[in-house]
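**Student:**
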Ligand code: MRU
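Residue numbers (the working numbering): -4 to 358.
#1: Which runs of the beta strand (DSSP E) spanning at least 3 residues fall entirely within the stretch 232 to 290, listed in chain order?
#2: Which residue wins for smallest C-alpha separation from residue 14, given the options 49, 25, 27 and 55?
#3: Have a look at the DSSP bridge pairing and note the partners of residue 186.
#4: Quick one: what's residue 195 bridged to in DSSP?
#5: Let me make sure I understand the geometry here. Which of 9, 51 and 175 has the alpha-carbon closest to that of residue 141?
#6: If contact is defined by three or more beta carbon pairs under 8 Å, each pair taking one atom from either stretch, is the stretch 265 to 285 in contact with the stretch 233 to 251?
#7: Under three-state DSSP, which class holds residue -4?
#8: Give the C-beta separation of residue 143 and residue 333 to the nearest angstrom, bearing in mind that I take them to be a contact with Cβ-Cβ under 8 Å.
#9: How is the alpha helix (DSSP H) around residue 71 delimited, first residue to last?
#10: What are the start and end residues of each continuous beta strand (DSSP E) run of 3 or more residues lying completely inside the stretch 315 to 342, in chain order?
#11: Is it buried or exposed, residue 126, if we count other Cβ atoms within 10 angstroms and call 16 or more buried?
#12: Could you tell me the boundaries of the alpha helix (DSSP H) in which residue 33 lies?
#13: Once you ignore the five residues that flank residue 95 on each side, which residues in its own chain have a CB closer than 7 Å to its CB?
#14: Which runs of the beta strand (DSSP E) fall wholly inside the stretch 7 to 50 and span at least 3 residues, in chain order?
#15: According to DSSP, is residue 173 helix, strand or coil?
#16: Should residue 356 go down as buried or exposed, given a rule of 16 or more other Cβ atoms within 10 Å for buried?
#17: Would you kindly check if the distance between the Cβ of residue 323 and the Cβ of residue 257 is under 7 Å?
#18: Taking the alpha helix (DSSP H) that residue 93 falls in, what are its first and last residues?
#19: Using 8 Å for Cβ pairs, my map puts residue 270 next to residue 288. What's the rounded Cβ distance?
#20: Do residue 155 and residue 230 have their beta-carbon atoms positioned less than 7 Å apart in this structure?
#21: Per DSSP, what kind of secondary structure is residue 227 in: helix, strand or coil?
#22: Measure the alpha-carbon distance for residue 186 versus residue 295 and round it to whole angstroms.
#23: Among 93, 350, 227 and 293, whose alpha-carbon lies nearest the alpha-carbon of residue 165?
#24: Cβ of residue 55 versus every heavy atom of ligand 1: is any distance shorter than 6 Å?
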């Protein structure tokens, strides 16, 4: 299974010349390991969702810009930096919503700036170190999110999740699924309902795939079945990921998430967003500042069917994400703890905690 083939969702090959990952568009039918070398391949892999999920996109972009920087043939810093920024803009154009893409690229640019007095060759080495650190940090962070989520779970609980915020969307544990993996490690009996997540089916293709591979009890439901499952009392808690969280706690995640949160509130089921602090964008005051990606209509009408399932030429709307209002979120589980309403204050407190932690550890 996947675990035997690939320990980490994204990594650099031994020669340091290509990103190694699994093509998520082919799952669950085919487990194809792919190598991404050129900037075009990397951008395309993100746009086409071969690599997807906010944290995985971030790590892919970090290695991607390192590979791009490595190819720049000059010893002159100003020329190097100008070309670096062009490549950065090119990769940043792959998708608009997941803030981790921009966050990781900004971290890489800061590394260039911080080392500007060194020879270009050494700057490239620093970029590799930074990309490795971003990847390692993702593994650590997701594990910490999992530990915080685990505190909300009891043996025998049933969790509903939407889209895929598991190991495939990160490097190792996932965000929304991290608590479930840790519960399994503790020997808990946990059941998961995976919304299939139309139109691209990340729930049935990816979440069911990875949980199944780990021997975790998972049941796929169509998105429009969440209500009946909740009404029957089959769901104890909802965990989803996020692509970008505003300063007030409004959270953008895969289309359909906000409907799940509204249902959960109606049925009195706690609804939690699980995400690293790198997914919180303090430059966005509220959800209305978050750019929502629009994708082509054929993903809705044709992609999975032998024949189009809508009249030829009919109008199709295909927003890839929606924003869950903060008032429908019970808490945001991060690596530094769980933020609860009022979010502006609790989120600011988590960033303060992160700052103190970094100062203490000299990072
Ligand atoms: O379009 P995708 O598949 O990249 O969307 C992914 C999601 O919405 C995930 O839930 C989100 O990125 C959190 S991933 C840990």
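Just so you know, even glycine gets a beta-carbon here, dropped at the ideal spot from N, CA and C.
**Tutor:** Taking the coordinates as given:
#1: Whole beta strand (DSSP E) segments, 3+ residues: 232 to 235, 239 to 241, 246 to 249 and 266 to 269.
#2: Selection 49, 25, 27 and 55 evaluated against residue 14 yields 55 as nearest (Cα-Cα).
#3: Paired residue(s): 153 and 212.
#4: By DSSP's assignment, residue 195 forms no beta bridge with any residue.
#5: If we check each option's Cα against that of residue 141, 175 comes out closest.
#6: Judged by Cβ distances under 8 Å, the stretch 233 to 251 makes contact with the stretch 265 to 285, as three or more pairs qualify.
#7: Only weak support exists for where residue -4 lies, its pLDDT of 46 falling under 50; the value from the coordinates is given anyway. If DSSP states are grouped into helix, strand and coil, residue -4 belongs with coil.
#8: Rounded, the Cβ-Cβ distance is 6 Å, consistent with contact.
#9: Counted as a single uninterrupted DSSP element, the stretch harbouring residue 71 is not any alpha helix (DSSP H), since DSSP gives it neither H nor E.
#10: Listed in chain order, they are 316 to 319, 326 to 329 and 332 to 334.
#11: Around the CB of residue 126, 16 or more other CB atoms lie within 10 Å, so the residue is classed as buried.
#12: Per DSSP, residue 33 lies in no alpha helix (DSSP H) segment and is marked neither H nor E.
#13: If you ignore the 5 residues before and after residue 95, its C-beta comes within less than 7 Å of the C-beta of 49, 50, 52, 53, 273 and 274, all in its own chain and listed in chain order.
#14: With a minimum length of 3 residues, the continuous beta strand (DSSP E) runs that stay inside the stretch 7 to 50 are 14 to 17 and 28 to 31.
#15: If DSSP states are grouped into helix, strand and coil, residue 173 belongs with the helices.
#16: Exposed, because fewer than 16 other Cβ atoms sit within 10 Å of the Cβ of residue 356.
#17: Contact: yes.
#18: Residue 93 -> no alpha helix (DSSP H), and no H or E assigned at all.
#19: A Cβ-Cβ separation of about 17 Å leaves residue 270 out of contact with residue 288 under the 8 Å criterion.
#20: In this structure, residue 155 lies closer than 7 Å to residue 230 by Cβ.
#21: Coil at residue 227, not helix or strand.
#22: Spanning the two alpha carbons is a distance of roughly 29 Å.
#23: Ranking 93, 350, 227 and 293 by Cα distance to residue 165 puts 93 first.
#24: Checking the Cβ of residue 55 against ligand 1 gives no.
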